[in-house]
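This report concerns only the one structure given below.
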Amino acid sequence: MVLGELGGRIARAIQQMSNATIVDENVLNECLREITRALLQADVRFELVRDTQTNIKNAVNLDRLATGYNKRNIIQQAIFNELCKMLDTEKPSFTPKKGKTSVVMFVGLQGSGKTTTCTKYAHYYQKKGWKPALVCSDTFRAGAFDQLKQNATKAKIPFYGSYVESDPVQIAIEGVARFKEENCDLIIVDTSGRHKQEAALFEEMRQVSEATNPDLAIFVMDGSIGQAAYDQAQAFKQSVAVGAVIVTKMDGHAKGGGALSAVAATKSPLIFIGTGEHMHEFEVFNVKPFVKRLLG
Ligand code: GDP
């Protein structure tokens, strides 16, 4: 996985620093320069990289470290902390509660993996004994309902959609009402993700959100989109109250930076990552183990 390259480069930079006889300003600067290059090449937004570099330098402050301190450990810890901070948002996302009805709306561009992720998310909770349900409010893309229906049927998850109703808001309202009546505890609303007519997309998203009053809106993003991630995530956040992020296709050419940028843009935590096309290729995201793994 390409993401590993980022971790590999950072780990090598730290190793190189550790090989130096004395860790002084120059050695630290060289290490930080290499980390900066690695982050930029992994598509992390420039401003974010710059802040990270400054924060590490401030946290380390070589001058103030008395001899006897293990400078390498301190630097290593500062780098670890900064990478965690990039992915850690202070407030946790809304967490649905089993047995209590929650409405979760999925938003994201077409092709991001939104529909696939809706089913993965439902399946994840279903395995834990929940009663999830899927609502297809995407009336824009021909075949969207069929796709959701097919996925849902395979996973034995109830679904709602329509071949005739063209108003996504109406479908969302009906679907959510139906599953509330059926006492489903997790009602997942898949929305349209058209590429063009973005203004119309955002307006529709806003209307669906207003009509269904979701407990959580999850922004789904393709992990391999690179530098475009920040702006895209921010645009979604401005139209709907995004509360969590899921990044897909982390098995492919994702360099990882997109994920970091999406978290920064939405100020919302990354809660799962998609690691393949199949239902079970879906992982809970935890910051510290992820960064640990990244740094090898
Ligand atoms: P939507 O238009 O956003 O609803 O996207 P889809 O759910 O239709 O997914 C678009 C394509 O991405 C499909 O071919 C999916 O199988 C694929 N896909 C979704 N998630 C992942 C993932 O985590 N890894 C890989 N490799 N492919 C994925």
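Quick note, the sequence shown lines up with residues -13 to 282 if you use the numbering used here.
The C-beta atom is built at its ideal place from N, Cα and C for all residues, glycine as well.
This structure is a prediction, so every number in the text was calculated from the model and none was measured.
Helix, strand or coil: which one does DSSP assign to residue i?
i	result
L(-8)	helix
C170	coil
P118	strand
F258	strand
E184	helix
D74	coil
V150	coil
F271	coil
Skipping 5 residues on each side, what residues in its chain have a beta carbon closer than 7 Å to that of residue i?
i	result
C70	V273, K274, V277
A197	V155, A158, I159
D74	V273
G99	V206, D208, T234, K235, G260
Excluding the 5 residues preceding and the 5 following residue i in the sequence, name in chain order all residues of the same chain whose CB lies nearer than 8 Å to its CB.
i	result
T252	F205, A219, Q220, F222, K223, V228, V231
G115	K84
T102	N137, T234, G260, E263
A210	Reading off the sequence shown, one finds Ser at residue 210, where the question assumed Ala. Excluding residues within five positions, the ones whose Cβ falls inside 8 Å are K235, G238, H239, A240, K241, G244.
R279	G(-7)
Apart from the five residues just before and just after residue i, which ones in its own chain have a Cβ nearer than 6 Å to its Cβ?
i	result
P82	S88, L172
K166	T87
H109	A141, M265
L34	A250
A119	P144, F165, C170, I173
S123	P154, I157, A158, V175, T177, V194
R180	Q96, F126, L187
Q133	T101
Report the rounded CA-to-CA distance for residue i versus residue j, giving the unit in angstroms.
i	j	result
I42	V233	26 Å
M(-13)	V150	Because the pLDDT at M(-13) is just 44, under 50, the model does not fix this residue reliably, and the point stays unresolved.
I60	I174	44 Å
F80	A24	33 Å
R164	F145	10 Å
R283	R19	The chain is shown only over -13 to 282; residue 283 falls outside these bounds and no answer can be derived.
F131	I157	11 Å
V46	S225	39 Å
Q193	I0	49 Å
N5	D37	26 Å
P78	G97	27 Å
Q112	F268	14 Å
G94	A215	11 Å
E16	Q213	24 Å
V270	M3	33 Å
K135	E76	37 Å
F32	T40	12 Å
A185	F126	14 Å
V30	D208	14 Å
F66	E168	46 Å
I8	A64	18 Å
S148	F258	29 Å
N56	E68	19 Å
S247	Q27	13 Å
P200	E189	16 Å
Fill in: Contiguous beta strand (DSSP E) assignments of at least 3 residues, all confined to the segment 8 to 48
none
Worksheet item: What are the start and end residues of each continuous alpha helix (DSSP H) run of 4 or more residues lying completely inside the segment 184 to 243, in chain order?
Response: 184 to 198, 215 to 225
Fill in: Secondary structure, alpha helix (DSSP H): runs of 4+ residues fully inside the segment 81 to 134
100 to 113
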